[in-house]
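Below is one structure; the comments refer to it alone.
In our numbering, the protein residues as written are 553 to 799.
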């Protein structure tokens, strides 16, 4: 029975991972559809689409899924998505920034409000939280099997025009000005580097530790937001406990 129980637990985790992967692909498909609708389905002539396609490849999204999203955009689908941003606070004044693509603003606004307030947070007005964040280009390179040390990577990153490199045992994290995103990406790719993440993101200027007694509630709030089909990205100014260990 113990063997069966172990298999059941492993299968349960696999199913959860598959569901999460499917949710990510669904969200990227919506971004692909919108980018292609607005600027055409040729990534060479549509920088926004190229960015989303980079994101899709970094997420190992199947080519068939990408093709379906682009075909849907080309096929005359009249669905209209609006880009909306919501701002709020978690415990200890932790900033929460939510980006969504929705075909029903009332539904999404209500869902986001419930996810935040049900977990002890509060909603905030436009600009109350977003000023705490800076938009950055963000790349992650897996260090496994990579014969490059930190000094060599720093040299490559600076030559490519990036702003900052952060190194851990497992990966290199690279930050750049948004306007330099494409140039940095192309320069690093030309040197043979492959990204596990390639995107524009929001980086908090300062982080706030999550109170220990609120950690589970805060995580549940983030999970509830990310589980929403309309929500594309969730950014916070939280400093997680494992970040203290890493520093």
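The C-beta atom is built at its ideal place from N, Cα and C for all residues, glycine as well.
On a predicted model such as this, the values are computed, not experimentally measured, just so you know.
- Rounded to the nearest whole angstrom, the C-alpha separation of residue 706 and residue 717 is 7 Å.
- Put simply, the stretch 721-730 touches the stretch 678-692. At least three CB pairs are less than 8 Å apart.
- As computed with DSSP, residue 790 is found in a beta bridge with 760.
- For the options 744, 658, 698, the alpha carbon positioned closest to that of residue 722 is the one of 698.
- By the neighbour-count definition (other C-beta atoms within 10 Å, threshold 16), residue 678 is an exposed residue.
- Ranked by Cα distance from residue 714, the first of 672, 783, 691, 629 is 691.
- A direct Cα-Cα distance of roughly 7 Å separates residue 603 from residue 751.
- Under the three-state reduction of DSSP, residue 743 is assigned to coil, being neither helix nor strand.
- When DSSP states are grouped into helix, strand and coil, residue 779 belongs to the coil group.
- In the three-state DSSP reduction, residue 736 falls in the helix class (H, G or I).
- The continuous stretches of alpha helix (DSSP H) do not include residue 598, and DSSP gives it neither H nor E.
- Residue 642 is not a Cβ neighbour of residue 791, given a cutoff of 9 Å.
- If you draw a straight line from the Cα of residue 735 to the Cα of residue 712, it comes to about 7 Å.
- Counted as a single uninterrupted DSSP element, the stretch harbouring residue 617 is not any beta strand (DSSP E) but the alpha helix (DSSP H) occupying residues 615-626.
- By the C-beta density criterion, residue 709 is buried, having at least 16 other C-beta atoms within 10 angstroms.
- Here DSSP, grouped into helix, strand and coil, assigns residue 774 to helix.
- Counting C-beta pairs with one atom in each stretch, the stretch 630-640 and the stretch 659-672 have three or more that are closer than 8 Å, which means they touch.
- In terms of Cα proximity to residue 622, the closest of 656, 647, 580 is 580.
- Less than 9 Å separates the beta-carbon of residue 640 from that of residue 668.
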